[in-house]
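Reading through the structure tokens given below for one structure.
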Amino acid sequence: MTILEKANTGEAAKAKNPAIAEYRAKRDQDNKTALEEGLQAVVTHSNELKAAKAPTGFGVMSVGGVNAVEDFVMDNVLPAADDGKVNLFHRDQFKSGLMLEIPLWVPSGGDDGSFDYVTLHVNGVPVVNGVEDGVQYTYKFEVPVAATDLPGRFVIPFNSLKVGGDGIKLIGYSVYSNETGNKEESEIQLLTLDLLDPALNDNPAPIEYPADVTDGVVTLKYLAEHSGTLTLHVPPYFDYYPGDKYQLYIAGNPVPVRSGDVPPEAEDDGFDIELDEDTIKAIGEGVSVLQYKLEDRAGNRSDFSIPVHLTVRLTPEPEDLLKPLVPAAPISREDARTGVEAIVPAFKNAQAGDEIRVYYRDEDTVKVIIWPNDRVTFNWDEIALPNDQVKDPAVRVWYDVIRGKNTWTSPDTEVAVDLTTIGPDPVGPGPINATLVPVRAQGNSSKQPGFIRPADVGSGAVLLFTVYENAKVGEFVRLFYGRKDNAVTHTIAAGETPGTVISIPIPWNFVESLGNGTIAIGYEIQETETTGNPQQAVDGSVEVSIATVTVTAKVTFPDRIGGSSDVPGTTPVTALGILNCERPRPLPDGIRLAIAERAGVLSKDDLVFITLSVCSDKAGSIVVTDRTREIPVVVSDQEATSNRIERVLPLLKSYFEIADQPGKYYELGSFRASWRIVKAGNIPGSSQASAVRYALRKPGGGLCLPQS
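Just so we're aligned, residue 3 is where the sequence shown starts under the working numbering, counting upward by one.
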């Protein structure tokens, strides 16, 4: 009997826990209602499709008399199972999305070159990857649609599926022809999206021990009296479904010690997990933490259950206490800033409730943990004693294990600590010391602090470093340009007193490699290149504009008729040629713009911006206010190879309208165009302007204006 069948009989409410029984009864009834409503929606939609035969839709009928869009297949859903969840979508598929295999539809009636738009729907809401002429669509196919393209896989991303939460989703699609304006819809299918784990996104209840196991303590005697087996019990949980799984873990070990299917009796009574003697011995002497996870058929995994301690007791007291580990030693200022961890190595016979006291330097600085916690962190305030310039080659670190009234003490670990710094006294742990003067930069030719200009190409640039307070000969300075590995160094020399400004050359390859933009600069100081705690100044920046690209080509108008010049202001204006209502591309169909640049200028992924303005005069000189458009272009590989970019810009009636004279237009005017490029590294270049006349007025006074 499936979960949904139980909803009809009320059997789901028979769980022994009243709260669980109440939850499941409501859940199963809600699931049943949702499924029935979903199935009814499928039937209703199907009937509507059958009623809406030709001439609606594409006007093309299949053999059976049903409209031309065929059924689809959801490729990556789970097969039916006893949980009653129809077309369940597994969590592993969230990243790839729902895969729909859609067959080739009967031709839409659109002319070649028109488009069929495929729009996928979730609960009637379109999955929108693009919008054209007000049409929201997911995929777009040029007519004729190639048989090699379909059947094909179409994707509904998880972000579209999860809108409105989990539950039953209605999946379908439609095909729309922009030539005929007709649309046809598919049948819809049901999908189940389950985002709730078996523990309702909470920690499952803790594992329960047998009544004769006290405080989770298991001995060899106990195992001998119970056939070498420890039986753990997982209590009933709220969102049980057939097909659930479990994994049992020892905390700290990513591999479960037991895993398997949750048995059917778990629905009412929970279920047992048995650990044999070999498994318990493998867990080892001392205290461990037992936790489990639950996982449903959709791949929703619960968090770890509330932990319980398992104490395997074979010997009575702690043994083999080792020195504490201090991985950061020797401790620097940076270590103290981030915190210094002290680790208690595993020791024999640890038990739940063992108190561990970890000491740093003396008994006044102590951290207390309870096993199985095995590490503590000492912070800046605890390490920076008696002051933040402490230097001690042998600070003691040790720990005590306390059980009841007994104490066991570990051997000492001695660690070296050095928090000393050079230069001005820091405020707090650092590493930034605001009293260090930020470094500046300038070009050798432009000599304007904060800027490196084109004039500096060939002459170079420098960092302007101000010697810090308390500087001593031999101290080390590392200066950065743009990033830490772009570093130059300086050693304080005799005569370089506090306040002295030193010019330090910037390797020009640093400047070239990072190109134009706002470049961060900074420095740090320390005792020597390899010793001492660094102090860092507040970063500065320099504005760099050394690289440009020379653009030689202008924007051309391939459909221009006649003309011998493209220079705005040319006289007579007839030399500019003309675009008109007739040929080769009528103005209402848009204006074709082209750039044919010399080799080496255009590269894949360059950003190109084409600017087109409407001018009220015929010479391309008087630009109409608010009638300029900039068209962004990302250069394709083909365009970079051919050194040519071509675009058709649709025109609107409003481009030509006189602002203060509604219904009146600039009938005889001109276009003015230019383009600019931004290459990798923020390297710019721009073209000169070009112009062409246009004529919207036809003999007899009619205008060939765009339709919209």
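Note that CB positions come from ideal geometry on N, CA and C, so glycine has one too.
* What does DSSP give as the partner residues of residue 325 in its beta bridges? -> Its beta-bridge partners do not exist; DSSP assigns none.
* Asked: If you count every other CB in all the chains shown that lies within 10 Å of the CB of residue 703, and 16 or more means buried, which is it?
  -> exposed
* To do: Report the residue from 96, 368, 195 and 643 whose alpha carbon sits nearest the alpha carbon of residue 2.
  => Since the first and last residues shown for the chain are 3 and 710, residue 2 lies out of range.
* Asked: Would you say the region 516-525 touches the region 553-560, given that touching needs at least three Cβ pairs under 8 angstroms?
  -> no
* Asked: What residue does the beta strand (DSSP E) around residue 364 start on, and which one ends it?
  -> 364-372
* Asked: Since residue 243 sits in a beta bridge, which residues does DSSP pair it with?
  -> According to DSSP, which records beta bridges pairwise, residue 243 is partnered with nothing at all.
* Neighbourhood of residue 281 by C-beta distance below 7 angstroms, restricted to the same chain and skipping five residues each side -> 259
* Asked: Does the region 655-670 come close enough to the region 604-612 to have 3 or more Cβ pairs within less than 8 angstroms?
  -> no
* **Under the three-state DSSP convention, the category residue 528 falls into** => strand
* Under the three-state reduction of DSSP, which class applies to residue 60: helix, strand or coil? -> Residue placement at residue 60 cannot be trusted, given a pLDDT of 37 that sits under 50; the coordinates are not used to answer.
* Element boundaries [alpha helix (DSSP H), containing residue 513] -> 510-516
* Would you verify that the beta carbon of residue 496 is, or is not, closer than 9 angstroms to some beta carbon of chain D? => Considering every chain present, this structure includes no chain D. It has just one protein chain.
* Return the CA-CA distance between residue 472 and residue 424, expressed in angstroms with no decimal places. => 7 angstroms
* Helix, strand or coil at residue 47 [DSSP, three-state] -> helix
* To do: Give the DSSP-derived three-state secondary structure of residue 615 in the structure shown.
  => strand
* One or two residues paired with residue 688 in a DSSP bridge -> 678
* To do: Report the rounded CA-to-CA distance for residue 449 versus residue 598, giving the unit in angstroms.
  => 39 angstroms
* Asked: First and last residue of the beta strand (DSSP E) that includes residue 281?
  -> Where residue 281 is concerned, there is no enclosing beta strand (DSSP E), although the alpha helix (DSSP H) it sits in stretches over 279-285.
* Helix, strand or coil for residue 29 per DSSP? -> helix
* Asked: For residue 142, which beta-bridge partners are listed by DSSP?
  -> 119
* To do: Would you tell me roughly how many angstroms separate the C-alpha atoms of residue 152 and residue 263, rounded to the nearest one?
  => 40 angstroms
* For residue 644, which of helix, strand or coil comes out of DSSP? -> helix
* Asked: residue 303 and residue 245 look like a contact to me (Cβ under 8 angstroms); what is the Cβ gap, rounded to whole Å?
  -> In fact, because the Cβ distance is near 14 angstroms, the residues do not count as touching under 8 angstroms.
* Asked: Can you round the beta-carbon distance between residue 606 and residue 637 to whole angstroms, since I take them to be within the 8 angstroms contact cut?
  -> 6 angstroms
* For residue 3, the three-state DSSP class (helix, strand or coil) -> Caution is warranted here: a pLDDT of 49 is assigned to residue 3, below 50, making its placement in the model unreliable, and the coordinate value is therefore given only provisionally. Three-state result, residue 3: coil.
* What do you reckon, are the CB atoms on residue 654 and residue 708 nearer than 9 angstroms? -> yes
* Asked: Is the region 236-251 touching the region 214-222 in the sense that three or more CB pairs, one from each, lie closer than 8 angstroms?
  -> no
* **Distance between beta carbons of residue 309 and residue 208, contact taken as under 8 angstroms** => 7 angstroms
* Pair within 9 angstroms by beta-carbon distance, residue 268 and residue 251 -> no
* If you count every other CB in all the chains shown that lies within 10 Å of the CB of residue 503, and 16 or more means buried, which is it? -> exposed
* For the alpha helix (DSSP H) that residue 384 lies in, which residues bound it at each end? -> 382-385
* Would you grab the beta carbon distance between residue 147 and residue 118 for me? Rounded to a whole angstrom, and I think it's under 8 angstroms. => 6 angstroms
* Exposed or buried, which one is residue 124 when buried takes at least 16 other CB atoms within 10 Å? -> buried
* Asked: When you compare only the Cα positions, how much space is there between residue 346 and residue 381?
  -> 17 angstroms
* Asked: Three or more C-beta pairs closer than 8 angstroms, one from the region 221-231 and one from the region 322-340: is that the case here?
  -> no
* Around the Cβ of residue 22, are there at least 16 other Cβ atoms within 10 angstroms (buried) or fewer (exposed)? -> buried
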